[in-house]
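Number 167 in the working numbering belongs to position 156 of the sequence shown; there are no gaps in the numbering.
By construction, the Cβ of each residue, glycine as well, lies at the ideal position given by its N, Cα and C atoms.
Remarks on the structure that follows.
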Amino acid sequence: MRHGCKVNKLSRTHAHRVAMLSNMASSLILHKRIETTLAKARALRGYVEPLITKSKTDSTHQRRIVFSYLQNKEAVTELFREVSGKVATRNGGYTRILKVGRRLGDGAEMVMMELVDYNENLLKEAKTEKAKTTRRGRAKKSETVETANKQAKVEEPAIAQVEEEVKVEETPASEEKAE
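Here is the structure:
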């Protein structure tokens, strides 16, 4: 039983585990997406998300703290220049884990771990979903305007004829009341 064991040791010594997570975090920041096992991805999420939160405030102190974790100048530069700008409005949940199947050799569950704001396919789908305004079955606005104009041109003479018929019917009735 776990009983408060907060760290998944991943069958590695402390030094090996820290070096592996540092390497994986640098790869995730530089490439925006990595493929790994589910256990490693879950351990990496707890390692890299606090670093991304630290990158929101660009100061020398924060850069040194992040560098002590990553040990990679290019990754630190990428994190503070590009990634921090995209996640500035997000309050957490900077990474996404997508399951891709099992590895052939040992059957370990493989996942694709990516930074949320860098998946262009999902961002395009989100933009198209926002375009929907109502659930009513109407056509596009330009088509609706054109059809409305056509109907208005057809209906105007019909309305005028109906109004004349009503006036014709009202005049005898009003004359009868006057007599």
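With 16 other Cβ atoms within 10 Å as the buried cut-off, status of residue i
i: V122; result: buried
i: M193; result: The shown model of the chain, from 12 to 190, leaves out residue 193, and the question about it has no answer.
i: M12; result: exposed
i: S33; result: buried
i: A54; result: buried
i: V59; result: buried
i: K110; result: exposed
i: S37; result: buried
i: A99; result: exposed
i: D128; result: buried
i: L193; result: In this structure the chain extends from 12 to 190, so residue 193 is not present and cannot be described.
Whole-angstrom C-beta distance between residue j and residue i, which should lie under 8 Å
i: E120; j: T48; result: 7 Å
i: L62; j: L90; result: 7 Å
i: N19; j: A50; result: 6 Å
Strand pairing of residue i, partner residues [DSSP]
i: L126; result: T106
i: I45; result: M124
i: G112; result: M121
Own chain, CB closer than 8 Å to residue i, minus 5 neighbours either side, in chain order
i: E190; result: Here E190 scores only 49 on pLDDT, less than 50, and its place in the model is too uncertain to base an answer on.
Nonlocal neighbours in the same chain, by C-beta distance under 7 Å from residue i, ignoring five residues either side
i: V94; result: I40, I63, S66 and L126
i: R74; result: V87 and F91
i: I45; result: M35, S38, L39 and M124
Same chain only: Cβ atoms within 6 Å of residue i, ignoring 5 sequence neighbours per side
i: F78; result: V87
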